[in-house]
Amino acid sequence: MARWVESKNVGGVSEVTLLTPIKKGFIPGEGRTYEQRLHQALTLTQERIANGYPTAISTIPTIHFARWLILRPQQYLCGDVDPRGRLTYGATNLADDTAIKLEMEKLTSWLFFASNFDGDMMAYLRDFAVFLGEDLDHVWGNCEGYPAKGASRDFDGFWAYAKKYQLTTHAFYNAYPGLSVPRIHQLAAFKDLFDAFVARTRDGDGRSIDGLAEAFDQFVAETACFPSAFPDAGGMYRIPVPTGEIHRRGAG
């Protein structure tokens, strides 16, 4: 039995790359192919992201980066396409009868998935199965070998499926080792609060206002509970409260 590919981990962040074959032909009872349905599902997700709407994948707090793309034969084979839609190799003249021609419809399109995330791959994919559920099925359900019951009802099958099609990453770089996604969000939000504090405590000439020490003490008091507004180790978020409410709690 071949060894499974292992995800690389740098500074607490892991990677995974999957290349899965898309089913060929039309969906039974529908006038579209599996590839067309997959393309529509991915396009809808991208439109929601572009418009700032929440998506199913945004519920997983450990994802640094994720992308899906459909890899078609025209992209992964080196050749020209003749007027009849056939791929031509080794000929400068499309009419050359000695050229090797392959019918495009006989070639497989692939779904390419790459992601960087906190923690290990099994926990990450389990989050996929639990939190995405049918949304996950709407994507990989268009690919060959995906568990018939779906990832949420057959995680072992989904895990085996992912490991079967995982590709080896030969080099993996992490620009901020040791920083999880929740921690990055926390630091970014704290930076905004600190910038606002600096703006409040500087006059137009750049000098500190009178009472800077007292203002700083209040800032520390207001932000002392700041980490509690961010995910804990289990990835749970607290319901946001208005800024004024946070201030009143800090002052109290």
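Quick note: the sequence shown uses the working numbering, first residue 74, plus one each step.
Heads up, the beta-carbon is just placed ideally off N, CA and C, and yes, glycines get one too.
These figures come from a predicted structure and were not determined experimentally.
_Assuming S182 and P146 are in contact, meaning their beta carbons sit under 8 Å apart, how far apart are those beta carbons, in whole angstroms?_
Translated into positions along the sequence shown, residue 182 becomes position 109. Translated into positions along the sequence shown, residue 146 becomes position 73. Confirmed, about 7 Å.
*DSSP beta-bridge partners for E88?*
Here residue 88 is taken as the residue at index 15 of the sequence shown, counted from 1. Bridge partners of E88: N189.
*Measuring alpha carbon to alpha carbon, tell me which of M195, K237, F267, Q291 ends up nearest P94.*
Taking the first residue of the sequence shown as position 1, residue 94 is located at position 21. Of the candidates M195, K237, F267, Q291, the one whose C-alpha sits nearest the C-alpha of P94 is K237.
*Go ahead and pull the three-state DSSP assignment for D170.*
For the purposes of this step, residue 170 is taken as the residue at position 97 of the sequence shown. Any reading at D170 must be qualified, since the residue scores a pLDDT of 44, below 50, and its modelled position is unreliable; no value is offered.
*Just mark M195 as buried or exposed, buried being the case when its beta carbon has 16 or more other beta carbons within 10 Å.*
For the purposes of this step, residue 195 is taken as residue 122 along the sequence shown, with counting starting at 1. By the neighbour-count rule (16 or more Cβ atoms within 10 Å), M195 is not buried but exposed.
*Whether A129 touches D200 by CB criterion (8 Å)*: As a working note, residue 129 is residue 56 in the sequence shown. As a working note, residue 200 is residue 127 in the sequence shown. No, the pair does not count as a contact, with Cβ atoms beyond the cut-off.
_For V271: DSSP bridge partner residues_ = For the purposes of this step, residue 271 is taken as the residue at position 198 of the sequence shown. In DSSP, V271 forms no bridge with anything.
_Quick check on DSSP: helix, strand or coil for S80?_
Reading the sequence shown from its first residue, position 7 is the one you call residue 80. DSSP places S80 in coil when its eight states are reduced to three.
_Restricting to Cα atoms, I'd like to know which of L198, L150, G223, P220 is closest to P134._
Stepping through the sequence shown from its first residue, residue 134 is reached at position 61. When only C-alpha atoms are compared, the closest one is L198.
_CB-CB length for R140 against N215, believed under 8 Å_ = Taking the first residue of the sequence shown as 1, we reach residue 140 at position 67. Taking the first residue of the sequence shown as 1, we reach residue 215 at position 142. Not really, about 17 Å apart at Cβ, beyond 8 Å.
*asked:* Buried or exposed, going by whether 16 or more other CB atoms sit within 10 Å of the CB of E108?
replied: One-based indexing of the sequence shown puts residue 108 at position 35. With 16 or more Cβ atoms within 10 Å of its Cβ, E108 is classed as buried.
_Could you compute how far the alpha carbon of F190 sits from the alpha carbon of A261?_
For this step, residue 190 is matched to residue 117 along the sequence shown. For this step, residue 261 is matched to residue 188 along the sequence shown. Rounded to the nearest angstrom, the two C-alpha atoms are 18 Å apart.
*For H243, which three-state DSSP category applies?*
To locate residue 243, count along the sequence shown from 1; it is residue 170. Note: H243 maps to coil in three-state DSSP.
*If you follow the alpha helix (DSSP H) that I122 is part of, which residue opens it and which one closes it?*
As a first step, residue 122 is located in the sequence shown; it is residue number 49 there, counting from the start. Looking at the DSSP string, the run of the alpha helix (DSSP H) that includes I122 is 107-123.
*By a C-beta neighbour count over all protein chains shown, 10 Å radius and 16 as the cutoff for buried, is F231 buried or exposed?*
Against the sequence shown, residue 231 aligns to sequence position 158. Label assigned to F231: buried.
*Separation of V89 from F37, as counted between CA atoms*: Lying before the first or after the last residue shown, residue 37 is absent from the chain, which here runs from 74 to 325.
*Are there 16 or more other CB atoms within 10 angstroms of the CB of I173, so buried, or fewer, so exposed?*
On the sequence shown, position 100 is the one that residue 173 refers to. In this prediction, I173 has a pLDDT of 47, which is less than 50 and means its spatial position is unreliable; what the coordinates show is noted afterwards. With fewer than 16 Cβ atoms within 10 Å of its Cβ, I173 is classed as exposed.
*In terms of alpha-carbon separation, which member of F204, L240, Q239 lies closest to R226?*
For the purposes of this step, residue 226 is identified with residue 153 of the sequence shown, where counting begins at 1. With distances taken between Cα atoms, R226 lies closest to F204.
*Is it buried or exposed for Y219, if we count other Cβ within 10 angstroms and need 16 for buried?*
Taking the sequence shown and counting its residues from 1, the one referred to as residue 219 is at position 146. Buried.
*Which value, in whole angstroms, describes the spacing of the CA atoms of N124 and T118?*
Locating residue 124 in the sequence shown gives position 51, counting from the first residue. Locating residue 118 in the sequence shown gives position 45, counting from the first residue. Straight-line Cα distance between these residues: approximately 10 Å.
*Answer with buried or exposed for V271, where buried requires no fewer than 16 other C-beta atoms within 10 angstroms of its C-beta.*
Indexing the sequence shown from 1 puts residue 271 at position 198. Exposed, since its Cβ has fewer than 16 Cβ neighbours within 10 Å.
_Backbone secondary structure at L209 - three-state DSSP_ = Translated into the one-based positions of the sequence shown, residue 209 becomes position 136. Looking at L209 - three-state DSSP - the assignment turns out to be helix.
*When the Cα atoms are used, what is the spatial distance from L142 to F185?*
Translated into positions along the sequence shown, residue 142 becomes position 69. Translated into positions along the sequence shown, residue 185 becomes position 112. If I take the Cα positions, the gap works out to 5 Å.
*Just the Cα atoms here: how many angstroms apart are H258 and F99?*
As a position in the sequence shown, residue 258 is number 185, starting the count at 1. As a position in the sequence shown, residue 99 is number 26, starting the count at 1. The alpha-carbon atoms of H258 and F99 are separated by roughly 43 Å.
*Given a cut-off of 8 Å, decide if G279 and G85 are closer than it, judged by their beta-carbon atoms.*
Stepping through the sequence shown from its first residue, residue 85 is reached at position 12. Stepping through the sequence shown from its first residue, residue 279 is reached at position 206. For G85 and G279, no; Cβs fall outside 8 Å.
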